[in-house]
Amino acid sequence: MANIKTNYYTNSYMYIKRIILFIALVGLVVGGMFAYYVYQAIFSPNTNFESETTTLYIPTGTTYPVLRKLIHPLLKNGDTFDKIAGKKGYTAHIKAGRYLLKKGANNNEIISVLRSENSPVRVSFNNQERLENLAGRIAVQIEADSMSLIAAFKDSTFYKRNGFTEENALCMYVPNTYEFFWNTSAVQFRDRMFKEYRRFWDAKRTAKAKQIGLTIPEVITIASVVQKETAKVDERPRVAGVYMNRHKNNWKLEADPTVIYALKKDRNDWDIVIKRVLYKDLELDSPYNTYKYLGLPPGPISMPDVSSIDAVLNYEKHDYYFFVANTKRFGYHKFAKTLAQHNRNKRLYVDWIQKQGIKR
């Protein structure tokens with residue numbers, strides 16, 4: 144009887160042991176499968192593009208459902224990304240910006256990029272005639288649209304606080320290439336440009352402006368005329384010298400580019416191309432018509448390059464008061480000290496214009 148009981152307990156023990164072992168094995172298999180799934184979800188490559196990198200733009204205010212629509216086409220498995228994004232808390236902390244995703248990146252790496260690697264863009268602009276043109280140029284490079292940029296550029300409170308007017312506000316934007324985050328707002332862009340303006344007008348440039356008897360907006364205004372008169376950087380100091388001679392001696396500037404600007408403004412047609420200024424154009428009643436009014440225009444007629452600004456600050460000292468296009472050296476000009484000499488040069492230019500059939 145004792146042997147029967149012993150065998151019964153022994154068999155029961157072995158049975159229970161097998162059950163426990165089976166459960167343990169099942170647990171190991173399930174755990175292994177789960178671990179493998181987690182590993183795959185987190186660390187396996189999950190990109191679906193062939194280039195080495197691709198760019199993802201996340202607009203300001205983007206919610207996770209919107210982000211899913213943006214990013215899922217770039218992923219092999221959107222579901223695993225969703226799960227890992229939720230586990231890591233990213234779904235509730237989406238950051239706007241421009242992000243570079245690398246081919247072969249896993250979900251963990253992708254989320255790390257989206258959390259902390261907002262990639263800057265290089266923003267360039269030059270030679271814009273108006274704040275509206277500048278807004279259009281910037282709007283294709285950052286998130287802010289043209290309307291919000293124009294509103295920020297023309298903020299009267301900003302003008303008053305920083306000493307600008309609507310006519311000379313273009314002075315504040317120094318042509319160059321700058322780094323910005325793509326999701327920069329219109330106000331942030333404007334305020335950064337003001338900082339760059341103040342940095343550009345350092346003690347050395349400010350002292351030079353004072354030395355030649357001009358305010359900063361006046362320097363930029365003359366530079367804008369110089370910019371329009373010649374595309375040759377090496378000639379700009381000489382052209383600047385002509386206008387400085389006229390200005391200092393209380394002459395009218397009589398600059399054709401200011402008349403062209405006045406015509407565009409009067410007609411509200413900024414796309415019109417005017418190659419030749421006619422005598423009747425000189426009668427237009429506009430403060431920008433420097434044939435009619437003494438002194439400088441109310442503000443710049445375009446956004447001058449740094450080379451034009453520095454050409455005014457370091458203008459060539461000479462006795463020239465006149466210049467006209469040089470028909471034998473295109474792009475350059477013939478300079479004259481007297482009206483008689485200028486009229487001879489002008490006659491050659493007018494003859495050439497007529498032969499070319501340029502009427503307007």
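Heads up: the sequence shown begins at 144 in my numbering, then just goes up one per residue.
Note that CB positions come from ideal geometry on N, CA and C, so glycine has one too.
Tell me whether residue i sits in a helix, a strand or coil according to DSSP, three-state version.
i           : result
residue 199 : strand
residue 396 : coil
residue 321 : strand
residue 264 : strand
residue 242 : strand
residue 282 : helix
residue 420 : coil
residue 380 : helix
residue 249 : strand
residue 172 : For residue 172, the pLDDT reaches just 45, beneath the cut-off of 50, and the residue's location in the model is therefore unreliable, although a value from the coordinates is still provided. Residue state, collapsed to three classes: helix.
residue 477 : strand
residue 188 : strand
residue 294 : helix
residue 307 : coil
residue 468 : strand
residue 451 : helix
residue 412 : coil
residue 485 : helix
residue 507 : Residue coverage of the chain in this structure runs from 144 to 503, which leaves residue 507 outside it and unanswerable.
residue 374 : coil
residue 366 : helix
residue 361 : helix
residue 194 : coil
residue 276 : helix
residue 225 : helix
Look at residue i and residue j and say whether their C-beta atoms are less than 8 Å apart.
i           : j           : result
residue 405 : residue 427 : yes
residue 293 : residue 313 : no
residue 379 : residue 429 : no
residue 239 : residue 205 : yes
residue 324 : residue 266 : no
residue 362 : residue 456 : yes
residue 463 : residue 385 : yes
residue 226 : residue 191 : no
residue 249 : residue 201 : no
residue 332 : residue 415 : no
residue 359 : residue 387 : no
residue 301 : residue 278 : no
Tell me the rounded alpha-carbon separation between residue i and residue j.
i           : j           : result
residue 366 : residue 495 : 28 Å
residue 326 : residue 199 : 12 Å
residue 305 : residue 403 : 29 Å
residue 485 : residue 479 : 5 Å
residue 487 : residue 465 : 11 Å
residue 489 : residue 423 : 18 Å
residue 264 : residue 243 : 11 Å
residue 493 : residue 364 : 28 Å
residue 389 : residue 259 : 56 Å
residue 432 : residue 345 : 32 Å
residue 308 : residue 262 : 35 Å
residue 187 : residue 269 : 46 Å
residue 491 : residue 349 : 41 Å
residue 330 : residue 298 : 10 Å
residue 409 : residue 394 : 24 Å
residue 458 : residue 476 : 16 Å
residue 473 : residue 246 : 51 Å
residue 221 : residue 203 : 22 Å
residue 335 : residue 391 : 34 Å
residue 483 : residue 328 : 55 Å
Quick one: is residue i buried, meaning 16 or more other Cβ sit within 10 Å of its Cβ, or exposed?
i           : result
residue 290 : exposed
residue 453 : buried
residue 241 : buried
residue 498 : exposed
residue 194 : exposed
residue 311 : buried
residue 223 : buried
residue 440 : buried
residue 442 : buried
residue 357 : buried
residue 189 : buried
residue 352 : buried
residue 303 : exposed
residue 407 : buried
Is there a C-beta anywhere in chain B that falls below 8 Å from the one on residue i?
i           : result
residue 338 : Among the chains in the structure shown there is no chain B, since it carries only a single protein chain.
Sorry if obvious, but does the Cβ on residue i come closer than 7 Å to a heavy atom of the ligand PLP?
i           : result
residue 218 : This structure does not include the ligand PLP; it has no bound ligands of any sort.
contact_flag[the region 333 to 342, the region 460 to 480] where n(CB pairs < 8 Å) is 3 or more: The region 333 to 342, when compared against the region 460 to 480, does not touch it at the 8 Å Cβ threshold.
The region 247 to 256 contacting the region 200 to 213, beta-carbon criterion three pairs below 8 Å: Contact between the region 247 to 256 and the region 200 to 213 is not established, with fewer than three Cβ pairs separated by less than 8 Å.
Cβ contact check for the region 276 to 295 and the region 229 to 238: 3 or more pairs under 8 Å: Flag = no, the region 276 to 295 and the region 229 to 238 do not touch.
Touch test, the region 314 to 330 against the region 445 to 453, Cβ-Cβ under 8 Å, three pairs minimum: A contact between stretches requires three or more CB pairs, one per stretch, nearer than 8 Å, and the region 314 to 330 meets this requirement with the region 445 to 453.
Contact the region 396 to 404 vs the region 366 to 373: 3+ CB pairs below 8 Å: Flag = yes, the region 396 to 404 and the region 366 to 373 touch.
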